[in-house]
Amino acid sequence: MYAVVETGGKQYRVSPGDIVRIEKIDKPVGEKIELDKVLLVHGDDKLSVGETLKDAKVIGEVAAQGRERKVIIFKKKRRKGYQRTKGHRQYFTSVKITEIQV
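Start counting the sequence shown at 0; every next residue gets the next number (numbering that gives the first Met the number 0).
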């Protein structure tokens, strides 16, 4: 059984037991989280598809909070002496999917 959920402007394919890195959600480690914007559920030879399924939700547990590796942004214009370097580290929340309710 798997589902496609949307959170943080991105879509993720999840199934029970998976650990997914999503955009940061302010919840402490160990707390339950409910993702209710479910776009697709597949299981038991049955496929449910909709813009958002009303009665479906994905339940998980916050496994960790952290930051991704640094991404370097480098700008340069040749022969003009222009160089800029910038870095960015994105925050994330690791979620362990426990169940998919339909």
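Idealized CB from N, CA, C, for every residue including glycine.
Inter-residue CB distance, L52 and V4 (contact presumed, cutoff 8 angstroms): In the sequence shown, the residue the question calls residue 52 occupies position 53. In the sequence shown, the residue the question calls residue 4 occupies position 5. No, L52 and V4 are not in contact; Cβ-Cβ is about 10 angstroms, not under 8 angstroms.
Classification of A63 by the beta-carbon crowding that lies within 10 angstroms, buried from 16 upward: As a position in the sequence shown, residue 63 is number 64, starting the count at 1. Around the beta carbon of A63, fewer than 16 other beta carbons lie within 10 angstroms, which makes this residue exposed.
Segment contact flag, the segment 77 to 86 with the segment 28 to 42, C-beta cutoff 8 angstroms, min 3 pairs: Touching, no.
Inter-residue CB distance, I58 and Q100 (contact presumed, cutoff 8 angstroms): Position 59 of the sequence shown holds residue 58. Position 101 of the sequence shown holds residue 100. Indeed, because the Cβ distance is near 7 angstroms, the residues count as touching under 8 angstroms.
Between the CA atoms of M0 and I48 - distance to the nearest angstrom: Walking along the sequence shown from the start, residue 48 turns up at place 49. Walking along the sequence shown from the start, residue 0 turns up at place 1. Checking the displayed sequence, the identity of residue 48 turns out to be Val instead of Ile. In a straight line, the C-alpha of V48 is about 14 angstroms away from that of M0.
Alpha carbon of T97 to alpha carbon of L34, nearest angstrom: Counting from one through the sequence shown, the residue named residue 97 turns up at place 98. Counting from one through the sequence shown, the residue named residue 34 turns up at place 35. If you draw a straight line from the Cα of T97 to the Cα of L34, it is about 12 angstroms long.
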